[in-house]
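Visitor:
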Amino acid sequence: MSEILVLVEQVEGEVKKVTLELLTLARSLGTPAAVWAGPGITAEAKSRLAEHGADKIYVASSGDIVDYVVAPKAELLAQLVAGKSPAAVLVAATAEGKEIAGRLAVKTDSGVITDAVGLGEGFVADQSIFGGGVNVRSKVSKGTPIFAVRPNSTAPVASTGAGAEEEVSVTLSDSAKAARIVERVKQEKGARPELTEAAIVVSGGRGVGSAENFSVIEGLADALGAAVGASRAATDAGWYPHQFQVGQTGKTVSPQLYIAAGISGAIQHRAGMQTAKTIVAINKDPEAPIFELADYGVVGDLHQVVPQLTEEVNKRK
Numbered sequence: 043m044s045e046i047l048v049l050v051e052q053v054e055g056e057v058k059k060v061t062l063e064l065l066t067l068a069r070s071l072g073t074p075a076a077v078w079a080g081p082g083i084t085a086e087a088k089s090r091l092a093e094h095g096a097d098k099i100y101v102a103s104s105g106d107i108v109d110y111v112v113a114p115k116a117e118l119l120a121q122l123v124a125g126k127s128p129a130a131v132l133v134a135a136t137a138e139g140k141e142i143a144g145r146l147a148v149k150t151d152s153g154v155i156t157d158a159v160g161l162g163e164g165f166v167a168d169q170s171i172f173g174g175g176v177n178v179r180s181k182v183s184k185g186t187p188i189f190a191v192r193p194n195s196t197a198p199v200a201s202t203g204a205g206a207e208e209e210v211s212v213t214l215s216d217s218a219k220a221a222r223i224v225e226r227v228k229q230e231k232g233a234r235p236e237l238t239e240a241a242i243v244v245s246g247g248r249g250v251g252s253a254e255n256f257s258v259i260e261g262l263a264d265a266l267g268a269a270v271g272a273s274r275a276a277t278d279a280g281w282y283p284h285q286f287q288v289g290q291t292g293k294t295v296s297p298q299l300y301i302a303a304g305i306s307g308a309i310q311h312r313a314g315m316q317t318a319k320t321i322v323a324i325n326k327d328p329e330a331p332i333f334e335l336a337d338y339g340v341v342g343d344l345h346q347v348v349p350q351l352t353e354e355v356n357k358r359k
């Protein structure tokens, strides 16, 4: 079967869940080949990639790849596309991943599809477009198909691959070195999962009422082992940090369960969460647009409903 390149998302040598999802997706369409960009690959990381189907692991260990912003990874993939002639390239639909996909498409004169939520036979992608108003099926018609796939679109399934490691070198152009990273500040990670990768997300909106009241949302999230999200109205009001905003101008999430508490359901917010597998809405306004999208709805005051829900969840642990 034809090789499919999967760009590995990792932090300090730890492979992120979205990479395992991409390997699982690639395995259904061809032979997965993981691409590790930069130094720091560990035996544990190699084992994890192989466990989820990586038949080959291309390792470009040059420090230059991570010393500059985005461009070196695109050039690495472009050189692999030229040398290995893969059937397709898969990256995560993160802010960086989508930029890499776009740059790679230009370099290889290929078509690119971003924010795919599914990928089937013949490399036909499922997408949610125009702010979530239209679902389409798309196919690249030129060059090597490049796909940026949303996290949580595919459940990772283990299936052992050979995991054969192959060291590759990359020659970076001067333009790829135009923006250098001069400092990295490590943000302390809390106990909650990362928003874009979480299987469960609990989000609060204008109905929460204040920054202090977000403790109600956090309480339910902690009981469920979920990430916390917020609507634009809540972040613009300063009730919750902007990096947790879900929506068209924030982050896009596709969890197994999305709980929207006190969120009206404006199109801006819906664009960032409507591909969730199950949506639960809690709102005291029975006419709120969010109920049109929800699988389950509770008409009531979130300040009464959410604490009761949290209590019931904790009882069943």
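Position 162 of the sequence shown, counting from 1, maps to 204 under this note's numbering, and the rest follow consecutively.
C-beta: ideal position from N, C-alpha, C; glycine also.
The model shown is predicted, which means the values in this text are computed figures rather than measured ones.
#1: Quick one: is the Cβ of SER44 within less than 7 Å of any heavy atom of the ligand PLP?
#2: Do you know how far the Cα of GLY314 is from the Cα of THR277?
#3: Could you please give the first and the last residue of the uninterrupted alpha helix (DSSP H) stretch that includes SER257?
#4: Have a look at GLY307, ILE309, GLN316 and ALA279 and flag the residue whose alpha-carbon is nearest the alpha-carbon of VAL295.
#5: In whole angstroms, give me the CA-to-CA distance for LEU65 and GLY246.
#6: Pull up the CB-CB distance for ALA241 and GLN298, whole angstroms please, since I reckon it's below 8 Å.
#7: Candidates THR186, LYS326, ASP216 and LYS293: which alpha carbon is nearest LEU132's?
#8: Between which residues of its own chain and ILE301 is the CB-CB distance below 6 Å, once the five residues before and five after are set aside?
#9: Grab the span of the alpha helix (DSSP H) containing GLN346 for me, first residue to last.
#10: Take the Cβ of PHE256 as the centre, count every other Cβ of all protein chains shown within 10 Å, and call the residue buried at 16 or more, exposed below.
#11: Which complete beta strand (DSSP E) runs does the segment 78-115 hold, if anything under 3 residues is left out?
#12: Mind checking LYS239: buried by the 16 CB within 10 Å criterion, or exposed?
#13: Looking at LEU67: is its Cβ nearer than 8 Å to the Cβ of THR196?
#14: State the start and end residues of the unbroken alpha helix (DSSP H) segment that holds ILE223.
#15: Going by C-alpha to C-alpha distance, which of GLY55, LEU47 and ILE83 sits closest to VAL77?
#16: I need the boundaries of the beta strand (DSSP E) containing GLY160, first residue and last residue.
#17: Spatial neighbours of ALA120 within its chain, please: CB distance less than 7 Å, with the 5 preceding and 5 following residues excluded, ordered by chain position.
#18: From TYR110 to SER104, what does the alpha carbon distance come to, in whole angstroms?
#19: Just to confirm before moving on: does the CB-CB distance between GLY249 and LEU344 stay below 8 Å?
#20: Buried or exposed: ASN325, going by 16 or more other Cβ atoms within 10 Å of its Cβ?
#21: Under the three-state reduction of DSSP, which class applies to GLU141: helix, strand or coil?
#22: Do ALA190 and ALA263 have their C-beta atoms within less than 8 Å of each other?
#23: Buried or exposed, going by whether 16 or more other CB atoms sit within 10 Å of the CB of ALA200?
#24: Starting from GLN310, trace the alpha helix (DSSP H) both ways and give me its first and last residue.
#25: What residue does the beta strand (DSSP E) around VAL244 start on, and which one ends it?
#26: Measuring only the C-alpha atoms, how far is TYR282 from VAL347?
#27: I'd like to confirm the pairing. Which residues does DSSP put opposite PRO74 in its beta bridges?
Guide: Let me lay it out:
#1: The ligand PLP is not part of the structure shown, which contains no ligands of any sort.
#2: 15 Å
#3: 256-266
#4: Considering only GLY307, ILE309, GLN316 and ALA279, the residue with the shortest C-alpha distance to VAL295 is GLN316.
#5: 33 Å
#6: 5 Å
#7: THR186
#8: VAL244 and VAL322
#9: 344-357
#10: The residue is buried, with at least 16 neighbouring Cβ atoms inside 10 Å.
#11: 98-102
#12: Correcting the residue type first, residue 239 is Glu in the shown sequence and not Lys. Classification for GLU239: buried.
#13: yes
#14: No alpha helix (DSSP H) contains ILE223, which DSSP labels as neither H nor E.
#15: LEU47
#16: 154-162
#17: LEU146, LYS149 and THR150
#18: Answer to the nearest angstrom: the Cα atoms are 11 Å apart.
#19: yes
#20: buried
#21: Residue state, collapsed to three classes: helix.
#22: no
#23: Only exposed fits ALA200, as fewer than 16 other CB atoms lie within 10 angstroms of its CB.
#24: Annotation for GLN310: the continuous alpha helix (DSSP H) segment containing it runs 309-312.
#25: 242-246
#26: Going by the C-alpha atoms only, they are around 21 Å apart.
#27: ILE46
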